[in-house]
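What follows is one structure encoded as structure tokens, with my remarks underneath.
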Amino acid sequence: MENLQVPSEVQPETKCMYCWILKPASDMTLEHAIPQSLGGAQAPQRYKVRAACRKCNSSLGLHVDASFEKSWLPTTALGEAARHLSKTNDKVVPPLVCTGIIHLDIPGLLETEVCEWWIGSQAEHVILIRPVDEERYWYMGGNPIALKQVSANARAYYFFNESADPNRSLLEFKESFKRRKVKKISGTKIDGISPADYGFSAPDEADSAAIEWIWNNVFSGGNIEGAVPFNSEFDIRFMCKLALAIAYCEFGEKYLETVYAKLLHAGLWHRGEGEAPDIPGARPFNAPVDETLKKFTCDLGAVSLLIMPAGEYLQLTLNIHQKHTWTIAIAAKSELTAEEFGRFTDGKLLMLFGPTHSSYEIDFPDYLSRRLHPKGGK
Ligand SMILES: [Zn+2]
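Reading the sequence shown from the start, the letters are residues 457 to 834 in the numbering used here.
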């Protein structure tokens with residue numbers, strides 16, 4: 457009965473939707489076609505597939521997803537979306553938003569350290585000092601993998617805004633920094649609040665000197681030199697990855713055989729050397745944006761994905777909080793069946809609300825009708 461045992465070399469193999477290498481099923485991991493930071497956990501089940509290999513899942517998560525999400529435009533738009541939702545939902549704790557790197561001569565600052573300025577929804581400020589740990593790219597708050605692995609000597613100095621609600625403000629701070637190995641020190645005394653309850657440590661001598669320096673130099677109204685991280689290269693790589701994953705989930709593994717999928721694959725793996733592939737529908741950052749499209753394809757507080765025909769392609773528009781949009785073609789009409797293309801003739805819209813764990817799908821004409829003729833005449 458030796459044929460009952462299946463030799464390892466004939467185990468069924470699956471093609472990873474990103475690297476296209478055939479790998480054993482045991483090497484496949486669950487992939488959210490829409491990253492969780494954009495609300496992908498709330499997406500319909502068809503957008504959660506075991507079709508990404510372990511290697512792609514972790515390396516693209518860091519080099520493509522994180523590089524997109526942690527650059528300035530998506531970060532600020534996601535922060536504003538969460539703040540919008542927190543106005544009507546107490547359970548939503550909006551994150552502090554990093555506004556970039558600032559150049560400060562804080563006493564004791566090492567050459568290998570960098571300062572970031574974070575701002576909360578009630579005008580609280582945090583100066584984060586952390587080691588420079590990124591080899592190629594800037595990550596808001598540091599490289600997410602290095603942060604988990606090393607106990608970095610990072611410290612976050614929190615400065616309360618007197619007109620803010622202290623408990624709310626401290627909760628936002630605690631939530632924003634809870635997954636970071638960082639020493640938290642309050643630069644402000646807040647009446648009736650025990651700093652230890654919010655994870656603050658007592659300042660040592662160096663911390664006290666740094667806090668005093670920040671009060672005298674940062675909050676004194678002088679000019680601060682800084683830099684906003686902006687890396688449009690990752691917009692394209694990220695959109696190629698998103699388009700590939702969404703189309704794979706909609707049209708199945710055979711989609712990877714199309715000429716158009718090969719173009720997206722080339723765009724995903726293009727790492728700066730040589731000419732970048734020309735992706736239809738992918739809009740460079742400085743191209744004009746249709747303001748109507750921006751306003752009427754997304755709810756405030758949401759991340760939306762609209763798929764609709766545009767010429768010879770199916771076009772995907774990603775919209776965050778009506779604030780920024782990114783577009784890319786996901787498939788060529790000529791490479792889809794009439795049924796596959798037909799599903800999107802009117803446009804399909806998916807609305808995701810990560811912070812409130814909710815979502816809905818709607819045909820685009822119904823959505824427009826709802827927005828143009830709201831019930832109750834609001
Ligand atoms: Zn792979």
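Note that beta-carbon positions come from the ideal geometry of N, C-alpha and C, so glycine has one too.
Which residues in the same chain have their Cβ closer than 7 Å to the Cβ of residue i, if we skip the five residues on either side of it in sequence?
i           : result
residue 479 : 469, 470, 472 and 509
residue 432 : This structure gives no information on residue 432, because the portion of the chain shown stretches from 457 to 834.
residue 722 : 733
residue 812 : 541, 545 and 548
residue 834 : Legend: pLDDT at residue 834 = 45, less than 50; position of this residue unreliable, no value from coordinates given.
Classify residue i as buried or exposed, calling it buried when 16 or more other Cβ atoms lie within 10 Å of its own Cβ.
i           : result
residue 505 : buried
residue 826 : exposed
residue 668 : exposed
residue 577 : buried
residue 675 : exposed
residue 771 : buried
residue 507 : buried
residue 794 : exposed
residue 828 : exposed
residue 568 : exposed
residue 405 : Given that the chain is displayed from residue 457 to residue 834, the structure contains no residue 405 and the question cannot be resolved.
residue 551 : buried
residue 697 : buried
residue 566 : exposed
residue 640 : buried
residue 744 : exposed
residue 642 : buried
Does at least one heavy atom of ligand 3 sit under 7 Å from the Cβ of residue i?
i           : result
residue 477 : This structure lacks ligand 3; the ligands present are ligand 1.
My assumption, with CB atoms under 8 Å, is that residue i sits in contact with residue j. Please give the rounded CB distance.
i           : j           : result
residue 703 : residue 711 : 5 Å
residue 766 : residue 737 : 6 Å
residue 769 : residue 789 : 6 Å
residue 474 : residue 534 : No, residue 474 and residue 534 are not in contact; Cβ-Cβ is about 23 Å, not under 8 Å.
residue 498 : residue 810 : 6 Å
residue 619 : residue 580 : That pair is no contact at about 10 Å.
residue 646 : residue 622 : 5 Å
residue 654 : residue 629 : 7 Å
According to DSSP, which residues form a beta bridge with residue i?
i           : result
residue 613 : 583 and 641
residue 816 : 807
residue 733 : Partner(s): none; residue 733 has no beta bridge.
residue 715 : Answer is none; residue 715 lacks a bridge partner.
residue 488 : 504
residue 554 : 574
residue 469 : 480
residue 795 : According to DSSP, which records beta bridges pairwise, residue 795 is partnered with nothing at all.
residue 567 : Per DSSP, none; premise fails for residue 567.
For residue i, which residues of its own chain have a beta-carbon under 6 Å away from its beta-carbon, when the five flanking residues on both sides are left out?
i           : result
residue 785 : 736, 737, 769 and 771
residue 787 : 703, 716 and 770
residue 457 : With a pLDDT of only 44 at residue 457, under the threshold of 50, the placement of this residue in the model should not be trusted; the figure read from the coordinates follows. Closer than 6 Å at Cβ, skipping near neighbours: no residue.
residue 830 : none
Residues in its own chain within less than 8 Å of residue i by CB, not counting five upstream and five downstream?
i           : result
residue 705 : 489, 502, 503 and 505
residue 531 : 525, 553, 554 and 596
residue 500 : 806, 815 and 817
residue 459 : Because the pLDDT of residue 459 is 49, which lies under 50, any placement of that residue in the model is unreliable, and the number read from its coordinates should be weighed accordingly. Here the set comprises nothing.
residue 777 : 533, 534, 536, 537, 540, 754, 756, 757, 758 and 759
Practice task
Mind listing, in chain order, the continuous beta strand (DSSP E) runs of no fewer than 3 residues lying wholly within the stretch 636-683?
Solution key: DSSP runs (the beta strand (DSSP E)) wholly in the stretch 636-683: 639-642.
Exercise for the section: Go through the stretch 496-548 residue by residue and report every complete run of the beta strand (DSSP E) that reaches 3 residues or more, in order. Expected result: Positions of the beta strand (DSSP E) runs, each at least 3 residues long and wholly inside the stretch 496-548, are given as 504-509 in order along the chain.
Problem - In chain order, each beta strand (DSSP E) run of at least 3 residues that lies wholly inside the stretch 744-791 - result: The qualifying runs are 759-766, 769-776 and 780-788.
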